[in-house]
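Worksheet: the structure to be examined is printed underneath.
Numbering (the UniProt record's numbering), first residue to last: 1 to 253.
Following this line, the structure appears as structure tokens:
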């Protein structure tokens with residue numbers, strides 16, 4: 001089935017199954033008005049837990065860089081985060097734009113479906129472990145989050161990443177408690193090489209680095225996260241936002 005957008009500003013998503021891979025073909029223009037529909041389509045494609053999800057965006061136009069967050073929003077709402085998601089785009093300029101965005105941290109992009117299929121042979125062989133926890137909306141969640149991160153990463157043989165992971169999760173949870181009053185929802189993942197720490201809340205205001213009004217020096221905990229992680233970001237979701245960081249061997253303390 002092909003995807004045909006009804007108008008130059010609309011979005012169309014068609015789906016098919018190629019062996020065990022769910023393939024989405026997206027055409028049209030991605031904007032803030034329809035980004036939720038794309039996010040939900042990607043999430044829906046993982047529900048039956050295919051071996052992978054391939055999203056062909058060769059026919060998709062993304063005028064505003066911020067619209068790419070639809071892909072990351074889907075990433076943080078996946079029921080099965082161990083299902084690999086890859087993007088396919090025939091347009092070189094668009095592939096370069098994706099490669100320079102936060103999306104590439106979680107969704108590699110390829111020029112053809114054939115190239116993506118070849119890469120999936122390796123991606124689907126990875127063992128991705130993850131765990132989730134809902135924390136109390138009080139200071140005890142700082143202690144609880146650190147304890148859980150330590151336990152999970154130890155169980156997953158990622159002890160070397162524990163020191164930096166503890167710093168990161170403490171900053172994220174503390175920010176939720178201080179600025180949102182939400183119940184922190186924590187997810188920790190590892191693919192055997194890196195670890196990802198993510199904390200979600202129900203506040204739509206993005207997490208941003210803050211500078212001292214007197215010195216102009218960045219004094220926020222997020223400045224520490226930025227210095228200690230491979231990549232980090234604040235991604236809007238259907239219920240608020242997710243603040244995340246990826247840490248690797250180069251980030252060990």
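Quick reminder that beta carbons are idealized off the backbone N, C-alpha and C, glycines included.
Its chain contains 28, 29, 30 as the residues whose beta carbon lies nearer than 8 Å to that of residue 61, once the 5 sequence neighbours on both sides are disregarded; these appear in chain order. The residues 135, 173, 184, in chain order, have a CB closer than 6 Å to that of residue 141 in the same chain once the five nearest residues on each side in sequence are set aside. Contact between residue 120 and residue 84 holds: their C-beta atoms lie close to 6 Å from each other, under 8 Å. DSSP lists 23, 86 as the beta-bridge partner residues of residue 54. One thing to note: residue 139 has its Cβ within 9 Å of the Cβ of residue 177. DSSP places residue 202 outside any beta strand (DSSP E), giving it a letter other than H or E. Contact between residue 78 and residue 43 holds: CB atoms are separated by about 6 Å, below the 8 Å threshold. Two segments are said to touch when three or more pairs of C-beta atoms, one from each, lie closer than 8 Å; by this definition the segment 101–109 touches the segment 228–248.
Exclusion of the five residues before and after residue 239 leaves 202 as the residues of its chain whose Cβ lies within less than 7 Å of its Cβ. DSSP places residue 241 outside any alpha helix (DSSP H); the residue lies instead in the beta strand (DSSP E), whose first and last residues are 241–247. Assignment of residue 48 by DSSP, reduced to helix, strand and coil, places it in the coil class. Residue pairing by DSSP places residue 76 in no beta bridge whatsoever. Secondary structure of residue 124 (DSSP, three-state): coil. Selection 11, 182, 80 evaluated against residue 49 yields 80 as nearest (Cα-Cα). Its Cα nearest to that of residue 147, the residue 169 stands out among 169, 250, 36, 76. Contact check for residue 175 against residue 233 fails: the beta carbons are separated by 9 Å or more.
By the neighbour-count criterion, in which a residue is buried when 16 or more other Cβ atoms sit within 10 angstroms of its Cβ, residue 96 is exposed. Residue 33 sits in coil when the DSSP states are folded into three classes, being neither helix nor strand. Looking at 10, 52, 171, the one whose alpha-carbon comes closest to that of residue 63 is 10.
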